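Colleague:
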Amino acid sequence: MPELPEVETIRLSLFTPLRGKKIARVEVRHPKILRLDPKLPTILKGQTISSIDRIGKLLILRFQKKELALLIHLKMTGQLIYASGAKRAGLPAVAHKAKSGLPAVAHKAKSGLPAVALKAKSGLPAVAHRAKAGGGHSLTQADLKLPHAHSRVIIHFDDDTALYLNDLRLFAYMRTAPTEEVTKIVATYGIEPLQPNFTWPAFQKIFAKRKTILKAVLLNQEVISGIGNIYADEICYAAGVLPTRNVQKLKPDEVKKLFAACKKIMKEAVASGGTTFHSFLNGDSRPGGYRSKLRVYGRKGQPCKRCGTAIEKTVTVGRGTHFCPNCQT
DNA sequence: GAGAGTGTTGTAAC
DNA sequence: GGTTACAACACTCT
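Residue numbers for the first sequence follow my numbering, so the first one is 20 and each next one is one higher.
Below is the structure:
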């Protein structure tokens with residue numbers, strides 16, 4: 020699930036390779052991804068990318084034609100992968116990455132996630148599925164053959180490289196927007212933990228006027244942008260506060276701990292390249308390294324790393340919510 | 001084979 | 001205006 024650290028990792032990994040790239044054509048393999056902008060292929064053809072920005076979980080590609088921007092939201096299972104012709108031909112692109120000392124995807128699929136039966140649908144690439152719950156799929160070398168069954172939109176560049184938008188569940192979207200609209204969209208996002216606008220007075224103000232529970236506030240993108248379900252649980256754990264608490268009943272020192280935890284957790288996660296839980300890959304096809312550092316998310320029944328108490332899970336605002344009943348109050 | 005679960009966001013309902 | 005509930009979706013596990 021791409022949250023701020025994952026989207027930022029993608030942005031950083033794509034920034035250099037995509038800069039200056041000229042779009043030759045856009046291949047639409049599933050029109051639903053362009054539901055907000057069916058004319059996108061025509062608009063983008065011939066455009067040259069100048070930079071990549073991000074607000075919260077939304078990627079913003081900018082072009083030499085300054086009045087145009089491309090918005091990409093990966094929602095839950097979206098991936099954005101840049102690949103050269105060699106990788107698209109199905110050559111073992113992983114091999115050279117393993118040599119470089121970076122976490123190879125094939126290795127992760129073998130050891131980190133229990134991949135089970137290979138499911139080979141006729142005409143579709145084999146995809147290994149996780150043994151436990153969740154809808155997402157684990158990462159195998161089959162996923163690296165591009166395009167694959169879930170490659171929905173492919174932006175082809177004039178140098179035989181391409182940017183793949185893969186999405187299992189079709190929630191992701193890609194659309195163009197004039198820059199003045201982008202400015203309005205950016206303005207709807209709340210303060211962001213890694214940006215200068217994330218100040219103590221601004222944070223305090225949020226908690227002074229809200230009446231809902233803590234987790235709902237942390238997940239509200241118009242209030243604080245970039246935090247999703249995984250990091251909301253991790254932030255609450257780091258601050259020692261239960262995510263189910265009503266924000267009006269939080270003590271000043273607890274709000275202060277939450278403020279510090281937001282910055283600390285997001286900074287750590289970005290430094291680790293995000294979290295690969297089900298399907299996240301950065302723009303260079305590598306998984307994130309934060310999963311092993313998670314303290315509560317996905318650890319139901321396992322001992323708390325601080326006190327040994329079993330981590331519990333409940334449902335809050337419709338989301339799975341993990342916490343330590345002893346360390347968090 | 002049916003139903004629950006997985007989570008982001010826009011929208012409708014309260 | 002603020003908050004809550006749910007649909008959208010694909011796929012696996014129970």
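By construction, the Cβ of each residue, glycine as well, lies at the ideal position given by its N, Cα and C atoms. Treat the numbers as computed from the prediction; the structure is a model and nothing was measured.
Please return the same chain residues whose Cβ sits closer than 8 Å to the Cβ of lysine 282, not counting the five positions on each side in sequence.
Modeller: Result list for lysine 282: Pro212, Leu213 and Phe217, in chain order.
Colleague: Tell me which residue opens and which closes the beta strand (DSSP E) that valine 45 is part of.
Modeller: Unbroken beta strand (DSSP E) run through valine 45: 42 to 47.
Colleague: Taking threonine 195 as part of the beta strand (DSSP E), name the residues at either end of that continuous run.
Modeller: Threonine 195 -> beta strand (DSSP E) spans 192 to 197.
Colleague: So the candidates are His167, Cys326, Phe342 and Gly327; which of them puts its Cα closest to the Cα of threonine 333?
Modeller: Among His167, Cys326, Phe342 and Gly327, the Cα nearest to that of threonine 333 is on Phe342.
Colleague: Roughly how many angstroms lie between the CA atoms of glutamate 336 and tyrosine 256, to the nearest whole one?
Modeller: Reading off the sequence, residue 336 comes out as valine, not glutamate. Each residue's Cα considered, the two are about 17 Å apart.
Colleague: Compute the Euclidean distance between the alpha carbons of aspartate 178 and isoleucine 68, then round it to the nearest angstrom.
Modeller: Distance between the alpha carbons of aspartate 178 and isoleucine 68 is about 13 Å.
Colleague: State buried or exposed for threonine 294, treating a residue as buried only when at least 16 other CB atoms are found within 10 Å of its CB.
Modeller: Buried, by the Cβ-count rule.
Colleague: Return the first residue and the last residue of the alpha helix (DSSP H) that valine 236 is part of.
Modeller: Start and end: 233 to 238.
Colleague: Measuring only the C-alpha atoms, how far is leucine 87 from alanine 196?
Modeller: Rounded to the nearest angstrom, the two C-alpha atoms are 6 Å apart.
Colleague: Run the CB neighbour count on glycine 75, radius 10 Å, all protein chains shown included, and call it buried at 16 or more, exposed below.
Modeller: Label assigned to glycine 75: buried.
Colleague: Rounded to whole angstroms, what's the CA-CA distance from threonine 348 to threonine 207? Just pull it up for me.
Modeller: When rounded, the distance between both Cα atoms is 32 Å.
Colleague: Can the beta-carbon of leucine 184 be found less than 8 Å from the beta-carbon of leucine 89?
Modeller: Against a cut-off of 8 Å, the Cβ pair of leucine 89 and leucine 184 comes out as no contact.
Colleague: Going by the beta-carbon positions, is the gap between isoleucine 62 and leucine 80 smaller than 8 Å?
Modeller: No, the Cβ-Cβ distance between isoleucine 62 and leucine 80 is not below 8 Å.
Colleague: Consult DSSP for serine 32 and reduce its assignment to one of helix, strand or coil.
Modeller: Looking at serine 32 - three-state DSSP - the assignment turns out to be helix.
Colleague: Given lysine 84, which residues of its chain have a CB within under 7 Å of its CB, disregarding the five upstream and five downstream residues?
Modeller: Within the same chain, lysine 84 has close Cβ partners Gln66.
Colleague: Applying the criterion that 16 or more other CB atoms from any shown protein chain within 10 Å of the CB defines a buried residue, is cysteine 326 buried or exposed?
Modeller: Cysteine 326 should be labelled exposed.
Colleague: What is the DSSP secondary structure of alanine 117, counted as helix, strand or coil?
Modeller: Bear in mind that the predicted position of alanine 117 carries a pLDDT of just 26, short of 50, making it unreliable; the figure below should be weighed with that in mind. Here alanine 117 sits in helix by DSSP.
Colleague: My output table needs one value for alanine 139: the three-state DSSP class, helix, strand or coil.
Modeller: No answer about alanine 139 holds up, because its pLDDT of 26 lies below 50 and its placement is not dependable.
Colleague: Compute the beta-carbon to beta-carbon distance between glutamate 25 and glycine 307, rounded to the nearest angstrom, for a pair I have assumed lies under 8 Å.
Modeller: Confirmed, about 6 Å.
Colleague: Near alanine 235, which residues of its chain fall below 6 Å by C-beta distance, leaving aside the five closest residues on each side in sequence?
Modeller: Once the five neighbours on either side are set aside, the close Cβ partners of alanine 235 are Val336.
Colleague: Could you check what DSSP says for glutamine 98 in three-state terms: helix, strand or coil?
Modeller: The answer is strand: DSSP assigns glutamine 98 an E or B state.
Colleague: How long is the line joining the alpha carbons of asparagine 239 and isoleucine 232, rounded to whole angstroms?
Modeller: Spanning the two alpha carbons is a distance of roughly 11 Å.
Colleague: Distance, Cα to Cα, isoleucine 174 vs glutamate 287?
Modeller: Between isoleucine 174 and glutamate 287, the C-alpha separation is close to 32 Å.
Colleague: Check for me: the beta strand (DSSP E) holding glutamate 241 runs from which residue to which?
Modeller: Segment: none, glutamate 241 is in no beta strand (DSSP E) and carries neither H nor E.
Colleague: Of the residues Arg188, Arg194, Leu165 and Phe190, which one's Cα is nearest the Cα of leucine 182?
Modeller: Nearest option by C-alpha distance: Leu165.
Colleague: Only counting the same chain, and skipping five residues up and downstream in sequence, which positions put a Cβ closer than 6 Å to that of alanine 280?
Modeller: Here the set comprises Ile254, Ala257 and Ala258.
Colleague: My understanding is that arginine 54 touches tyrosine 192, with C-beta atoms under 8 Å, so please give their C-beta distance in whole angstroms.
Modeller: Between tyrosine 192 and arginine 54 the Cβ distance is about 7 Å, and since that is below 8 Å, they are a contact.
Colleague: For serine 291, which residues in the same chain have their Cβ closer than 7 Å to its Cβ, ignoring the five residues on either side in sequence?
Modeller: These residues qualify, in order along the chain: Gly307, Gly308, Tyr309 and Lys312.
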